[in-house]
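First up is the structure itself, then whatever we jot down about it.
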Amino acid sequence: MRTTILGLGNTLLRDEGFGVHFLNEMEKKYHFPENVKLVDGGTLGYGLLDTISSCDRLLVVDIIKSDDQPGSIYRFTQTEMELHLPAPTSAHEVEFFDVLIKAELMDELPETIFLCITPQDYGGEMNPIMTQIMYSSYPVMEKLLLKELSGWQLTPNRREA
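So the sequence shown is numbered by my numbering: it starts at 52 and just counts up by one.
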């Protein structure tokens, strides 16, 4: 089974880049099994279709807009995630969920799990540095990521320091 861990977000917009920053940190910290691929999805939109359709399981790390405390972390299945999606903001903006819908229509949607965090700063101004609460949440998000992988019988090995 091929598994993809996909970090999403714009790293130039503060906490918006959490998924990518977190994934980069995990890649430094762990050696993942050969059938696990870590992908910086950034803001690629439909450019991610090949990545999504080429795996059997997809684990997405991203932010989620909510009224909860910054740093709150959630786990959603794809069906559960649909309940938390924001309304479309423009006709030309491609949201990641639109990409998943297209993959589903092509009958190429893998089992999908989302690990999401509520940001403190949604990136109103360009700044590549996340807020401290996002960095402080790494251990909790890491534990959830490893738990998901363990449920799929996947165990990354910690790299030597």
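Glycine included, C-beta positions come from ideal geometry on N, C-alpha and C.
What is the residue span of the beta strand (DSSP E) that residue i lies within?
i	result
D113	108-114
T102	Not the beta strand (DSSP E): T102 falls in the alpha helix (DSSP H), residues 100-104.
L59	54-59
Nearest to residue i by alpha carbon, out of the options?
i	options	result
L197	P84, A154, T182	P84
E162	I103, N208, R108	R108
K80	Q204, K194, I124	K194
V87	I103, A154, F127, F147	I103
G93	M52, S188, L57	L57
I114	V71, P170, L100	P170
R53	L89, N61, L95, H82	L89
L160	D118, Q183, C106	C106
L110	L205, Q204, E199	E199
P190	D66, E67, M77	M77
How would you write the range of the alpha helix (DSSP H) that residue i sits in, first residue to last?
i	result
G92	Note, G92: premise wrong, no alpha helix (DSSP H); beta strand (DSSP E) at 87-93.
E133	129-133
G70	69-80
L151	147-156
How many Å lie between residue i and residue j at the Cα?
i	j	result
F69	I168	8 Å
T140	E211	Annotation note: pLDDT 46 at T140 (below 50); position unreliable, no value reported.
Y97	L74	20 Å
Y173	L64	7 Å
A142	A154	Below a pLDDT of 50, predicted positions are generally treated as unreliable, and A142, at 46, falls in that range; the measurement from the model is reported next regardless. In a straight line, the C-alpha of A142 is about 19 Å away from that of A154.
I124	L99	24 Å
P179	Y186	13 Å
H165	L59	In the sequence on display, residue 165 carries Phe and not His. One C-alpha to the other measures close to 11 Å.
T55	M132	18 Å
N61	Q204	31 Å
Per DSSP, which residues does residue i bridge with? Please list them.
i	result
L64	N178
F165	V111, F127
R209	Y81
Which parts of the segment 177-201 are runs of the alpha helix (DSSP H), unbroken and 4 residues or longer, counting only runs that do not cross its ends?
183-187
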